[in-house]
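Here the structure comes first, spelled out in structure tokens, and everything after it is commentary.
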Amino acid sequence: MSVETIVGQGAGAGEAKRQELLPALGLQAGVTLALIACLMLFYTTVYSVHTDLAGILLSSRLAETLGGDFEKYSLYFPPAERIWFSCAVWLSDLTGLRLDLSSILLTSLAVSFSTGLAYYIRRTTVGASPWFLIVSMAVLVIVPILYKNLYGLREHMVVLGLWPYLVLRLSDPENKVIGMKTRVIVGIWMGATLTLKYLYALVVLLLELGDAAIRKRPLLVFRIENLLAGAIVAAYLFFWLVIDPAQREAIAVIVSAIDANLASTQANLEQSAIHFSLAIFFL
1486 MSVETIVGQG AGAGEAKRQE LLPALGLQAG VTLALIACLM LFYTTVYSVH TDLAGILLSS
1546 RLAETLGGDF EKYSLYFPPA ERIWFSCAVW LSDLTGLRLD LSSILLTSLA VSFSTGLAYY
1606 IRRTTVGASP WFLIVSMAVL VIVPILYKNL YGLREHMVVL GLWPYLVLRL SDPENKVIGM
1666 KTRVIVGIWM GATLTLKYLY ALVVLLLELG DAAIRKRPLL VFRIENLLAG AIVAAYLFFW
1726 LVIDPAQREA IAVIVSAIDA NLASTQANLE QSAIHFSLAI FFL
């Protein structure tokens, strides 16, 4: 087989892949625009964002306004939260949207990216239909709204980061179909969202350890997406908590305040003894 033939076949395969990708991108763009329009109408006329989200957005606005002086008024504002929710402030300034609506818009774009990445993985591995994208997007929007109105909060963002990872793990457990570039994107996306609630990284670690134990292949823990996500979370915690002395002082103040409001060990034992005695008496 000549070099020209091989090159021609490669070019033809690349063109076919592009032609196959265009309808999927068009579908995702259309569904995303419909989602944004519905959510804007919903949060403008029917519902309001969670009070925690409103508080974080106002803190981000204050941080952008005060700049370096913000630390005088707030001891604890994690960098990941500040960066992400400050993007909503910048988007609000750029578009003229209300601050809460700009956060909804930003979260909707994150939903679109997460579900689009998961749809690409599923379509590449098992040939998923467009309904997979539509249903995934509906679930990742409707469930957080119905469950305590978590749409746009940190917990919701972590779920968006984990969704492509879970689809990848279920669709390509043997690492034979999805290429390195897609896995790198999954790892970066998962790691970036986990910085908002870094304790959830332990859930991912336990899942990976369990999967490796079941398959009796311990090296599966060291997949590229796991390494990237873990490295991002570890670097974030190192530079935020270890290197920055101001953050260490802030956390020490918070811990001291918590300790000051906790009863002593002796008081806890005495209270437990009283409760136990009452329980024995009524028995």
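The opening residue of the sequence shown carries number 1486 in our numbering; numbering runs sequentially from there. Even for Gly, the Cβ is constructed at its ideal location relative to N, Cα and C. It should be emphasised that the depicted structure is a prediction, and the values quoted were computed from it without experimental measurement.
| Query | Result |
| --- | --- |
| Is the separation between the beta-carbon of MET1622 and that of LEU1526 shorter than 8 Å? | no |
| Under 8 Å between the Cβ atoms of SER1656 and THR1610? | yes |
| Span of the alpha helix (DSSP H) holding ALA1573? | 1564-1580 |
| Taking the beta carbon of LYS1476 as the centre, do at least 16 other beta carbons fall within 10 Å, making it buried, or is it exposed? | Residue coverage of the chain in this structure runs from 1486 to 1768, which leaves residue 1476 outside it and unanswerable. |
| What residue ranges within the region 1624-1688 form continuous alpha helix (DSSP H) runs of no fewer than 4 residues, ordered along the chain? | 1639-1656, 1665-1679 |
| Shortest alpha-carbon distance to ALA1539 belongs to which of GLY1515, GLU1566, GLN1513? | GLU1566 |
| Just the Cα atoms here: how many angstroms apart are PHE1723 and ILE1709? | 21 Å |
| Determine, using beta-carbon pairs with one atom in the region 1700-1714 and one in the region 1661-1678, whether at least three such pairs fall under 8 Å. | yes |
| What do you reckon, are the CB atoms on THR1600 and GLY1637 nearer than 8 Å? | no |
| With burial defined as no fewer than 16 other Cβ atoms inside 10 Å of the residue's Cβ, what is the status of ILE1568: buried or exposed? | exposed |
| Do the CB positions of TYR1650 and VAL1671 come within less than 8 Å of each other? | yes |
| How far does the alpha helix (DSSP H) with GLU1549 in it extend, from its first residue to its last? | 1536-1551 |
| Roughly how many angstroms lie between the CA atoms of ILE1491 and GLY1664, to the nearest whole one? | Here ILE1491 scores only 43 on pLDDT, less than 50, and its place in the model should not be relied on; the value that follows carries that caveat. Approximately 21 Å, taken between the alpha carbons. |
| For VAL1534 and PRO1615, what's the separation of their Cα atoms in angstroms? | 30 Å |
| Buried or exposed for VAL1643, please, with buried defined as at least 16 other CB atoms from any protein chain shown within 10 angstroms of its CB. | buried |
| Please state the DSSP three-state secondary structure of ARG1700. | helix |
| Rounded C-beta distance between LEU1542 and ILE1589? I'm assuming under 8 Å. | Not a contact, Cβ separation roughly 11 Å. |
| Under a three-way DSSP split, which group does ALA1613 fall into? | coil |
| VAL1652 and ILE1606 - do their beta-carbons sit closer together than 8 Å? | yes |
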